[in-house]
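Have a look at the structure below before the remarks.
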Amino acid sequence: MKDIVSVDHLRVEFATDGGTVVGVQDVSFTIAPGETLCVVGESGSGKSVTSLSLMRLVEFGGGTITQGALNFTRADGSTLDVAAASAQVMGQVRGNEIGMIFQEPMTALNPVFTIERQLTDGLMLHKGLSQSEATERALDLLKSVRIPEPEQRLKQYPHELSGGMRQRVVIAMAMACEPKLLIADEPTTALDVTIQAEILALINRLKRENGMAVLFITHDMAVVAQMADRVVVMYQGRIVETGPVAQIFENPREDYTKALLAAVPKLGEMKGKAAPERMRLIGDEAARAAQAPRKPRTAKVLLEVKNLTTRFPVKGGILRRTMAQVHAVEDVSFTINVGETLALVGESGCGKSSCGRSILRLIEPTSGEILINGNDIRALNRPDLRRARADMQMVFQDPFASLNPYRRLRAQVAEPLQNFNLASGADLEARVLDLFDRVRLPRDFMNRFPHELSGGQRQRVAIARALALNPKLIVADEAVSALDVSVQAQVLNLMMELQEDLGLSYLFISHDMAVVERVAHQVGVMYLGRIVEIGPRAAIFDNPSHPYTRSLLSAVPIADPATRRFEGDMNFKPISSPIFPLGHQPAKSQYTQVAPGHFVLQG
Amino acid sequence: MTYVLNRLLSVILTLFLITLVTFAVTNILPGDVAMMIMGTQSNPEALEGLRESLGLNDPLLMQYGHWVWGMFTGEWGNSLIFKKPIAELLLQKAVASGIIVVMSMVIALALAVPLGVWAAVHRDKWQDTVSSSASLLGVSLPDFFWGIVMILVFARWLGWFPSSGFVEPSEDPLGTLQRAFLPSLALGLGLMAHLTRMTRSTMTGILSQEFIRVARAKGLAERTVIWRYALANAIGPVITIAGLQIGYLFGSIIVMESLFGYTGMGWLTYQALLNRDLPLIQSTVFVIAAVVMVTNLLVDLLYVVIDPRIRLG
Chain A
0 MKDIVSVDHL RVEFATDGGT VVGVQDVSFT IAPGETLCVV GESGSGKSVT SLSLMRLVEF
60 GGGTITQGAL NFTRADGSTL DVAAASAQVM GQVRGNEIGM IFQEPMTALN PVFTIERQLT
120 DGLMLHKGLS QSEATERALD LLKSVRIPEP EQRLKQYPHE LSGGMRQRVV IAMAMACEPK
180 LLIADEPTTA LDVTIQAEIL ALINRLKREN GMAVLFITHD MAVVAQMADR VVVMYQGRIV
240 ETGPVAQIFE NPREDYTKAL LAAVPKLGEM KGKAAPERMR LIGDEAARAA QAPRKPRTAK
300 VLLEVKNLTT RFPVKGGILR RTMAQVHAVE DVSFTINVGE TLALVGESGC GKSSCGRSIL
360 RLIEPTSGEI LINGNDIRAL NRPDLRRARA DMQMVFQDPF ASLNPYRRLR AQVAEPLQNF
420 NLASGADLEA RVLDLFDRVR LPRDFMNRFP HELSGGQRQR VAIARALALN PKLIVADEAV
480 SALDVSVQAQ VLNLMMELQE DLGLSYLFIS HDMAVVERVA HQVGVMYLGR IVEIGPRAAI
540 FDNPSHPYTR SLLSAVPIAD PATRRFEGDM NFKPISSPIF PLGHQPAKSQ YTQVAPGHFV
600 LQG
Chain B
0 MTYVLNRLLS VILTLFLITL VTFAVTNILP GDVAMMIMGT QSNPEALEGL RESLGLNDPL
60 LMQYGHWVWG MFTGEWGNSL IFKKPIAELL LQKAVASGII VVMSMVIALA LAVPLGVWAA
120 VHRDKWQDTV SSSASLLGVS LPDFFWGIVM ILVFARWLGW FPSSGFVEPS EDPLGTLQRA
180 FLPSLALGLG LMAHLTRMTR STMTGILSQE FIRVARAKGL AERTVIWRYA LANAIGPVIT
240 IAGLQIGYLF GSIIVMESLF GYTGMGWLTY QALLNRDLPL IQSTVFVIAA VVMVTNLLVD
300 LLYVVIDPRI RLG
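Listed in order, the protein sequences are those of chains A and B. In terms of numbering that gives the first Met the number 0, the numbers along the first sequence are unbroken and rise by one, the last being 602. In terms of numbering that gives the first Met the number 0, the numbers along the second sequence are unbroken and rise by one, the last being 312.
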């Protein structure tokens, strides 16, 4: 059968102030009907530029296709070179013969138009349907993407829908005219893992039912393993390797592919291992060999949290009175030992970040006890709290936002030391130098500004700053989530190395089960503000006992094409609202011990 | 509904504060109303009698109370210079000025929105430079200068419009509009700059959003993407800014109406200030403040209609 798409030596250039930048070059691939081709690569690899070129949308971002052909087989069997097509012809192809889904469901829909209008305008344009015919078809589409109460949704505006539902609407929009090719550009990256599983299963089903080809762009090797028939690996605007999915995963030829695969944590690969282990990084064997056998842990408690509760007021009415409360953290208790990592996992809105911030009193808890070395943090006055915070530092998700763009890195790392009058002059300089060495950043970076660094380097600076005061506890809130997978692996290794050397304890807040399995000693699973299950890592992953933990684990994509999980329809229970009326008295968290140290929430 | 009630409540509170400020300021001003009425050479006993009858010898709080109560019940008193009831005078002039304010706002929006959209679509290209220079030219020269230019070009050289005066709409509606057009155009040019910039910056932000890319990926024509999808999102902030400009407009009409001999609120304010007509000043300031606040309230309510995300909860 004739290929749907045949890309031949594509080259895209961008005109910038600093001259011409090549976005992609020498990119060639084909997609057969009914096939899923995954294009995988890290940020800046040119994978999105490639997909946008196929729609000729790259021009709106300032790019120009300067070379190559993008042959697309149209509905009537003729071949169209998209690169040379007129704007008028592209208007017929876009949305009609090629559908596209984007990354951000929250911003992909026009906030001031109803769902109905956004679903029907393409149908009326391409298929010449009347308003009522288009509305009928829109309703069918919403049903086919399994949106509950589709009739109501048509009249609603995007902000009234959850992220997962919006992404279903976006998919319905892309599928509206029954395209022969669906381009999905990171369609699940911004979604929670259970919603990701649902959306991936949905794309698979629609592909089967309609026999369309899918071009799937992603940075996530685990998603690739789950979705792809064939894989294209891109790096710095070029294709590194291409082949069937099994071959890429089992027998990668190129060093870059091998390195990329090595950096991906694979859920289940830590089975039977007692302690966390650093990631295998290609070319980093020396460092790995140097990993000293771990000192036997002395189970000394550093942080003890008892019945921690944090609620936020929901204000309303004329006098802005508190009408209800968000129960962000509800009766949460745990301990962290010296030199150990407790990971808090859960989906967005489960209260894991609020929990981390409550411990540092960055937000004031409503009740409960927080003891560090037996010292009650909640009882401290302002000056004492300030001193106590030297022992507990925080690393945030977005290192660019957490660093001051106008100050040199030297000053930012030195700042905590100066704040606490711990060093000055030559001593300060020496301490800062030492911190840069610790996080393996070149010393001449001290004179740079944040924008001159890559994401991973910035996160190292943030870690160096957190380390400046020799803290005992670091709260890492999604600290590696925004990083490319190879950089993520390096930063994780750095964090584990620092733990071994300095005896640091981490509260590691993450949504990524595979990463958590790699780094944590203890794991707490959070759902609607409560810990539903907590225990040693092995116990949680080998014997998940709470239904929520089980569904969470079943939704995680595994970086192994032999274990496909998203074939049938998946439907997870939607998370209910943590908002309760004033005076609502929630039940205490009662736990059953299923194994030593392994507790499951009752009820 | 709560939202509307909330806004109404804050309008009433602000109006109350305005009566306080106006009353306080006009009482601090030097000058004696009675002396202004009777002239400086008048008989001291007659002056005292007039003071007594005007209530000027009452305690300040009582005078304030009388005034506010009068405003509330429609007894606004008489203008000292025009010897006419203030309420009647203001109503007549408010209509005249309303025409200018609305017309200049329409002109400003009609110029600024297309210019701003054009600049945003061709961001960092020559069109952008042209648009921003044009709107900068509008704002960098004072209103009265544009007024003089208008008079020279359209009244004197081309002779298309009368250069000054005002006729009652009931007598000659077309004549009213003709006389209002030049001052409105001059004011509109000054307003245009802010609105163009606002349109440009909101449109630039909107055009970089994902839903614009989604709209293009659906195969919609670029015209539809920009003038429907994008502008529907950008128009709210632009109208809000336009609403805030209403206050600035009432300041500008003082000069503009005097320049064009257009006898509206601006002209009336100027006359009142010039002649220390305190009752008239107080009422005029209060009415202008009330109009500005009510327009802003209306604009906010309009925004709610445009943007479904603002809940009326």
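Note that beta-carbon positions come from the ideal geometry of N, C-alpha and C, so glycine has one too. These figures come from a predicted structure and were not determined experimentally.
A288/A in three-state terms, based on DSSP: Here residue 288/A is taken as the residue at index 289 of the first sequence, counted from 1. Low per-residue confidence applies at A288/A: pLDDT is 48, beneath 50, and the placement is therefore not dependable, though the value from the model is reported in the following sentence. DSSP places A288/A in helix when its eight states are reduced to three.
Environment of T72/B [buried if 16+ CB atoms lie within 10 Å]: Here residue 72/B refers to the residue found at position 73 when the second sequence is read from its first residue. When all chains shown are included, T72/B counts as exposed.
Short Cβ contact (8 angstroms threshold) for V304/A with I358/A: Numbered from 1 along the first sequence, position 305 holds the residue referred to as residue 304/A. Numbered from 1 along the first sequence, position 359 holds the residue referred to as residue 358/A. Cβ atoms of V304/A and I358/A: closer than 8 angstroms.
Residue environment, E240/A, which counts as buried when at least 16 other CB atoms sit within 10 Å: Position 241 of the first sequence, counting from 1, holds the residue named residue 240/A. By the Cβ neighbour-count rule, E240/A is buried, with 16 or more other Cβ atoms within 10 Å of its own.
Minimum length 3: unbroken beta strand (DSSP E) runs contained in the segment 164 to 194 of chain A: Runs found: 180 to 184.
K124/B at chain A interface by Cβ criterion, 8 angstroms: Taking the first residue of the second sequence as 1, we reach residue 124/B at position 125. So, not an interface residue.
Segment contact flag, the segment 447 to 465 of chain A with the segment 403 to 421 of chain A, C-beta cutoff 8 angstroms, min 3 pairs: Yes, since at least three Cβ pairs between the segment 447 to 465 of chain A and the segment 403 to 421 of chain A fall closer than 8 angstroms, the two stretches touch.
Whether Y526/A touches Y505/A by CB criterion (8 angstroms): As a working note, residue 526/A is residue 527 in the first sequence. As a working note, residue 505/A is residue 506 in the first sequence. In this structure, Y505/A does not lie closer than 8 angstroms to Y526/A by Cβ.
Paired residues, beta bridge with H545/A - DSSP: For this step, residue 545/A is matched to residue 546 along the first sequence. Looking at the DSSP assignment, H545/A forms no beta bridge with any residue, so it has no partner.
Buried versus exposed, by CB contacts within 10 Å (16 or more), K92/B: Within the second sequence, the letter at position 93 stands for residue 92/B. Of the residues assessed, K92/B falls on the buried side of the cut-off, its CB having 16 or more other CB atoms within 10 angstroms.
Interface flag, E12/A vs chain B, CB-CB below 8 angstroms: Position 13 of the first sequence holds residue 12/A. Taking Cβ atoms only, chain B never reaches closer than 8 angstroms to E12/A, which makes this a no.
Alpha helix (DSSP H) runs wholly inside the segment 194 to 219 of chain A, at least 4 long, in chain order: Whole alpha helix (DSSP H) segments, 4+ residues: zero.
Alpha helix (DSSP H) runs wholly inside the segment 475 to 547 of chain A, at least 4 long, in chain order: Runs of the alpha helix (DSSP H) inside the segment 475 to 547 of chain A: 484 to 501, 512 to 518, 536 to 541.
Complete alpha helix (DSSP H) runs within the segment 235 to 286 of chain A (minimum length 4 residues, chain order): Entirely contained in the segment 235 to 286 of chain A, the alpha helix (DSSP H) runs reaching 4 residues are, in chain order, 244 to 249, 254 to 261.
Anticipated Cβ contact below 8 angstroms, F565/A with L199/A, distance rounded: As a position in the first sequence, residue 565/A is number 566, starting the count at 1. As a position in the first sequence, residue 199/A is number 200, starting the count at 1. Contact between F565/A and L199/A holds: their C-beta atoms lie close to 4 angstroms from each other, under 8 angstroms.
Beta-carbon proximity of M202/B to G97/B, cut-off 8 angstroms: Translated into the one-based positions of the second sequence, residue 202/B becomes position 203. Translated into the one-based positions of the second sequence, residue 97/B becomes position 98. Cβ distance not < 8 angstroms, so M202/B and G97/B don't count as in contact.
Segment contact, 8 angstroms Cβ cut-off, at least three pairs: the segment 226 to 243 of chain B with the segment 259 to 268 of chain B: Touching, no, given that fewer than three Cβ pairs across the two stretches are closer than 8 angstroms.
Residues bridged to P139/A (per DSSP): What you label residue 139/A is simply residue 140 of the first sequence in a count that begins at 1. Looking at the sequence provided, one finds Asp at residue 139/A rather than Pro. Residue pairing for D139/A: DSSP places it in no beta bridge.
Backbone CA spacing between E329/A and K351/A [nearest angstrom]: Locating residue 329/A in the first sequence gives position 330, counting from the first residue. Locating residue 351/A in the first sequence gives position 352, counting from the first residue. Approximately 11 angstroms, taken between the alpha carbons.
Cβ pair Q458/A, L280/A closer than 8 angstroms: Indexing the first sequence from 1 puts residue 458/A at position 459. Indexing the first sequence from 1 puts residue 280/A at position 281. No. Outside cutoff.
Beta carbon proximity, A118/B to chain A, threshold 8 angstroms: Residue 118/B sits at position 119 when you count from the first residue of the second sequence. No, its Cβ sits nowhere closer than 8 angstroms to a Cβ of chain A.
Residues bridged to P398/A (per DSSP): Counting from one through the first sequence, the residue named residue 398/A turns up at place 399. P398/A is not bridged to any residue.
Residues of the segment 70 to 92 of chain A whose Cβ lies closer than 9 angstroms to any Cβ of chain B, in chain order: So the close ones are A86, M89, G90, Q91, V92.
Y590/A (DSSP reduced to helix, strand or coil): Here residue 590/A is taken as the residue at index 591 of the first sequence, counted from 1. DSSP places Y590/A in the strand class (E or B) of the three-state scheme.
Whole-angstrom C-beta distance between L503/A and I473/A, which should lie under 8 angstroms: Translated into the one-based positions of the first sequence, residue 473/A becomes position 474. Translated into the one-based positions of the first sequence, residue 503/A becomes position 504. Confirmed, Cβ separation roughly 6 angstroms.
Buried versus exposed, by CB contacts within 10 Å (16 or more), E346/A: Residue mapping note: residue 346/A aligns to position 347 of the first sequence, counting from 1. When all chains shown are included, E346/A counts as buried.
Inter-stretch contact at 8 angstroms, needing at least 3 Cβ pairs: the segment 208 to 219 of chain B / the segment 53 to 61 of chain A: Segments in contact, yes.
Short CB-CB distance (under 8 angstroms) between Y228/B and chain A: What you label residue 228/B is simply residue 229 of the second sequence in a count that begins at 1. Interface residue, yes.
Residues sharing a beta bridge with R310/A, DSSP: Working through the first sequence from its first residue, we reach residue 310/A at position 311. DSSP, once it has assigned bridges, lists H326/A as partnering R310/A.
Per-residue burial, P577/A [other beta carbons within 10 Å of its own, 16 or more giving buried]: For the purposes of this step, residue 577/A is identified with residue 578 of the first sequence, where counting begins at 1. By the neighbour-count rule (16 or more Cβ atoms within 10 Å), P577/A is buried.
CA nearest to the CA of G367/A, picked from T308/A, V192/A, T187/A, N420/A: As a working note, residue 367/A is residue 368 in the first sequence. Taking G367/A as reference, the option from T308/A, V192/A, T187/A, N420/A with the minimal CA-CA separation is T308/A.
Within chain B, the residues that V169/A reaches when beta carbons sit closer than 8 angstroms: Position 170 of the first sequence, counted from the start, is the residue given in the question as residue 169/A. Per Cβ cutoff of 8 angstroms: V213.
Enclosing beta strand (DSSP E) for I30/A [first to last residue]: By 1-based counting over the first sequence, the position of residue 30/A is 31. For I30/A, the uninterrupted beta strand (DSSP E) segment begins and ends at 18 to 30.
Contact list for the segment 182 to 216 of chain A against chain B, Cβ threshold 8 angstroms: Residues of the segment 182 to 216 of chain A that bring their beta carbon within less than 8 angstroms of a beta carbon in chain B are absent altogether.
E303/A in three-state terms, based on DSSP: Taking the first residue of the first sequence as position 1, residue 303/A is located at position 304. It is a strand residue.
Inter-residue Cα distance where the pair is H125/A and G33/A: Counting from 1 along the first sequence, the entry for residue 125/A is found at position 126. Counting from 1 along the first sequence, the entry for residue 33/A is found at position 34. H125/A and G33/A: Cα-Cα distance of roughly 23 angstroms.
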